[in-house]
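Asks:
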Amino acid sequence: MLYGLYRIFGTALFFLIQPMARLFIFLSPRKGHGLRERLGQAELGWLRTNAGLPRVWIHAASVGEVNAALILIEELTRRGSPVDIVLTTMTVAGLDVARQRLPPQTGSFLAPLDVVRVVRRVLSRVRPALYVCLEAELWPAMLVELRRADIPMVLLNGRMTARSYDRYRLAGDLIQPLLQGFAEVAAIREEDAARYVGLGVAPARVQVTGNVKFAFPPEDIQAIRSLYRNRLGVDQTAVFLCGSTRSGEERLLAGVYKALLEKDGRELLWVVAPRHLRRLAEVKALLLELRLDFDLYSELADTRRRRNVVLVDSLGELARIYSAGDYNFVGGSLVGRGGHNIMEPVRWGRPVYYGPHIDDFKDAAHILEDAGAGFRVADAGQLLAQIERHMNDSAAYEQACAGAESVMAGQQGVAARQVEIIMRQLARRSEKEQDNNRYESSNRP
Numbered sequence: 061m062l063y064g065l066y067r068i069f070g071t072a073l074f075f076l077i078q079p080m081a082r083l084f085i086f087l088s089p090r091k092g093h094g095l096r097e098r099l100g101q102a103e104l105g106w107l108r109t110n111a112g113l114p115r116v117w118i119h120a121a122s123v124g125e126v127n128a129a130l131i132l133i134e135e136l137t138r139r140g141s142p143v144d145i146v147l148t149t150m151t152v153a154g155l156d157v158a159r160q161r162l163p164p165q166t167g168s169f170l171a172p173l174d175v176v177r178v179v180r181r182v183l184s185r186v187r188p189a190l191y192v193c194l195e196a197e198l199w200p201a202m203l204v205e206l207r208r209a210d211i212p213m214v215l216l217n218g219r220m221t222a223r224s225y226d227r228y229r230l231a232g233d234l235i236q237p238l239l240q241g242f243a244e245v246a247a248i249r250e251e252d253a254a255r256y257v258g259l260g261v262a263p264a265r266v267q268v269t270g271n272v273k274f275a276f277p278p279e280d281i282q283a284i285r286s287l288y289r290n291r292l293g294v295d296q297t298a299v300f301l302c303g304s305t306r307s308g309e310e311r312l313l314a315g316v317y318k319a320l321l322e323k324d325g326r327e328l329l330w331v332v333a334p335r336h337l338r339r340l341a342e343v344k345a346l347l348l349e350l351r352l353d354f355d356l357y358s359e360l361a362d363t364r365r366r367r368n369v370v371l372v373d374s375l376g377e378l379a380r381i382y383s384a385g386d387y388n389f390v391g392g393s394l395v396g397r398g399g400h401n402i403m404e405p406v407r408w409g410r411p412v413y414y415g416p417h418i419d420d421f422k423d424a425a426h427i428l429e430d431a432g433a434g435f436r437v438a439d440a441g442q443l444l445a446q447i448e449r450h451m452n453d454s455a456a457y458e459q460a461c462a463g464a465e466s467v468m469a470g471q472q473g474v475a476a477r478q479v480e481i482i483m484r485q486l487a488r489r490s491e492k493e494q495d496n497n498r499y500e501s502s503n504r505p
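When you read off a place in the sequence shown, starting at 1, and then add 60, the result is the number in this note's numbering.
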């Protein structure tokens, strides 16, 4: 019943906006490119590149989920798995990150509108052997049409908050059939797994694998750290790096930076990376108001740093820029934004600092705090005190670094476990196709 209403409403809305969308695409082909993809008209010339390989369609919501997808793709590549990957995302920012980091032969485009007509058009062109949904991107028309086309689906990195669980239970007639269509669900935590089972997924189809967002692939940490510290023009200079900052935080963090300079006396570089590039003008104005001269990170590729503040103005690099930091703060946490990925700085063997508003990353915070690698502060004053302690007590700082390394070691294997699910479902799909072919052959006259 609910799906029928959803389908009728979506189709009606699609036909209502379609003439305006076509006019926009005609008048502005460049700006309308993303809209064409949402309407199911993406250019898919790359489909011929890996023809013959089983195609895995991975869908990720935005930048964070795209980064998780990239970890899975790297694991598939490392194994030499013979698959063709297609990646879709809901946002232009996510698509930009995907296209920067994916190999040329890997297709990526904006996900189609969740309208039956559009979904069928894209499915008939992409023809996936397996659909991978990351976290909880449950689009009813897409999932129903995948099931109708007998294309297996898996849900990886499954997160289910208590709030989402209560909401989904209210919409049980719509959500339960969608979830029951997944061949396997890889939940992040035991609590997530229990909630999926509570919504009707068979317990045998649910397993706990951990969070692939925290399962970074093995890399030469020191080489990458040297690369980014060289770009920032630092050797022995300490780096106070503040990533994914939100409105209202930069002023507080500037106060922490100035206080560290006054109290400690040693040279200190402050790197600030706003969460959204559209706020660059706002942050520039603030730095000028505070009389803090700054370099733009993008300019450091060609020129040497001249100032002690660097404003990051590039997209998709923050996760690696963290490698250059000594005292890394993750934003969205001093103001009520739920925080951002506090594991990214820890990846490089350094502790992380964050404010009290870390609701979206509670599980990561518990892991880090238990290991002595995560430091939750109530306000900017406590942040200053904690960083000062680590600056002045090398033993405490080294212990925090060791805790970070321990956490990362404990996350190994998450990507491998989730990739095993992909390979298992592809094998089952292949066996099913072979059985069907044998049956058809045996019944030919």
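The beta-carbon is built from N, C-alpha and C at its ideal position, and this holds for glycine as well.
(1) Could you tell me the boundaries of the alpha helix (DSSP H) in which residue 237 lies?
(2) State the beta-bridge partners of residue 244 as determined by DSSP.
(3) Below 7 Å CB to CB, which residues in the same chain sit around residue 330 once its five sequence neighbours on both sides are set aside?
(4) Measure the beta-carbon distance from residue 241 to residue 207 and round it to whole angstroms, keeping in mind my assumption that it falls under 8 Å.
(5) Under 8 Å: do the segment 482-495 and the segment 427-439 share three or more Cβ pairs, one atom per stretch?
(6) Which of the three DSSP states is assigned to residue 115 in this structure?
(7) Identify the residues that DSSP records as bridge partners of residue 155: which are they?
(8) What did DSSP end up calling residue 402 once you bin it into helix, strand or coil?
(9) Can you tell me the Cα-Cα spacing of residue 450 and residue 243, whole angstroms?
(10) My assumption, with CB atoms under 8 Å, is that residue 276 sits in contact with residue 407. Please give the rounded CB distance.
(11) Have a look at residue 347 and residue 292 and give me their C-alpha separation to the nearest angstrom.
(12) With a threshold of 16 other CB atoms inside 10 Å of the CB of residue 485, please say whether the residue is buried or exposed.
(13) Report the rounded CA-to-CA distance for residue 253 versus residue 444, giving the unit in angstroms.
(14) With H, G and I counted as helix, E and B as strand and the rest as coil, what does DSSP make of residue 436?
(15) For the segment 156-170 against the segment 124-144, are there 3 or more C-beta pairs whose distance is under 8 Å?
(16) Among residues of its own chain, excluding the 5 on either side of residue 454, which ones have a beta-carbon nearer than 6 Å to its beta-carbon?
(17) For residue 211, tell me which candidate among 231, 189 and 232 has the shortest Cα-Cα distance.
(18) Counting beta carbon pairs with one atom in the segment 354-367 and one in the segment 281-296, are three or more of them shorter than 8 Å?
(19) Looking at the secondary structure, which residues open and close the beta strand (DSSP E) in which residue 471 lies?
(20) Does the structure place the segment 474-481 close enough to the segment 134-144 that three or more beta carbon pairs sit under 8 Å?
(21) Mind checking whether residue 297 and residue 322 have CB atoms under 8 Å apart?
Replies: Concretely, from the data shown:
(1) Residue 237 -> alpha helix (DSSP H) spans 232-240.
(2) Per DSSP, 214.
(3) Only 300, 317, 368 and 369 meet the Cβ criterion.
(4) Right, the Cβ-Cβ distance comes to about 5 Å (below 8 Å), so this counts as a contact.
(5) Judged by Cβ distances under 8 Å, the segment 482-495 makes no contact with the segment 427-439, as fewer than three pairs qualify.
(6) Shown here, residue 115 sits in a strand according to DSSP, grouped into three states.
(7) Residue 155 pairs with nothing; no bridge assigned.
(8) Secondary structure at residue 402: coil, using DSSP grouped into helix, strand and coil.
(9) For residue 450 and residue 243, the gap between their C-alpha atoms comes out near 48 Å.
(10) For a cut-off of 8 Å, the C-beta gap from residue 276 to residue 407 is around 5 Å, short enough to register as a contact.
(11) Going by the C-alpha atoms only, they are around 18 Å apart.
(12) Its Cβ being crowded by 16 or more others within 10 Å, residue 485 is buried.
(13) Approximately 39 Å between the Cα atoms of the pair.
(14) Reduced to three states, the DSSP call for residue 436 is strand.
(15) Touching, yes, given that three or more Cβ pairs across the two stretches are closer than 8 Å.
(16) Residues of the same chain with a CB within less than 6 Å of the CB of residue 454, apart from the 5 flanking positions on each side, do not exist.
(17) Among 231, 189 and 232, the Cα nearest to that of residue 211 belongs to 189.
(18) A contact is defined here as three or more CB-CB pairs under 8 Å, and the segment 281-296 meets this definition with respect to the segment 354-367.
(19) That residue, residue 471, is in no beta strand (DSSP E); it is neither H nor E in DSSP.
(20) Touching, per the Cβ criterion.
(21) For residue 297 and residue 322, no; Cβs fall outside 8 Å.
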